[in-house]
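Numbered according to our numbering, the sequence shown spans residues 588 to 729.
Encoded as structure tokens, the structure appears first; notes follow it.
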Amino acid sequence: MAISNTQSGTNVHEIADGIYRINTPIALPGDVGKFSFNQYLIDDDEPLLFHTGLRQLFPLVREAVASVLPVSRLRHVAFSHVEADECGSLNQWLAAAPQSAPLCGTIAAMVSIGDLADRAPRALADGEVVSLGRHRVRWFDA
Numbered sequence: 588m589a590i591s592n593t594q595s596g597t598n599v600h601e602i603a604d605g606i607y608r609i610n611t612p613i614a615l616p617g618d619v620g621k622f623s624f625n626q627y628l629i630d631d632d633e634p635l636l637f638h639t640g641l642r643q644l645f646p647l648v649r650e651a652v653a654s655v656l657p658v659s660r661l662r663h664v665a666f667s668h669v670e671a672d673e674c675g676s677l678n679q680w681l682a683a684a685p686q687s688a689p690l691c692g693t694i695a696a697m698v699s700i701g702d703l704a705d706r707a708p709r710a711l712a713d714g715e716v717v718s719l720g721r722h723r724v725r726w727f728d729a
């Protein structure tokens, strides 16, 4: 595991060949413990970031991604559902990686991301497979 930001504790861990977990621990109010936000990065011919993190975490997550690959190489910014921790910094990622596009389910694309995102999303059908190079990802409606 590599700490990409010593002040925040944001860290990057390669969990499988070319697949990284980015983790940012957050102290809970009232000193009752910690919580963490996770993103997953697949380094391949067409790199994919799964979950963007909150807008306020963008600098930390960007720094973590940059410790693995140039941010501008990202081609896919994917997320499972529309909440701030899954896609809150989506537009910041689209600006940082001009060749990237959002990947999400058809419902999210239709009711939210088509309006929220600065770039049109690629809406994935249930069971659809996206080839990234060596890795493939499959979308499951849930």
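Think of the CB as a built atom: it goes at the ideal place given N, C-alpha and C, for glycine as much as any other residue.
Model, not experiment: these values are computed from the prediction.
The C-alpha of L681 lies about 8 Å from the C-alpha of A704. Assigned with DSSP and collapsed to three states, V648 falls in helix.
When the Cα atoms are used, H600 and L647 turn out to be separated by approximately 15 Å. The DSSP assignment places complete beta strand (DSSP E) segments of no fewer than 3 residues inside the segment 617-684 at 621-629, 635-637 and 663-665, in order along the chain.
Around the Cβ of G640, a 10 Å sphere holds 16 or more other Cβ atoms; the residue is buried.
Under the three-state reduction of DSSP output, T593 falls in the coil class, being neither helix nor strand.
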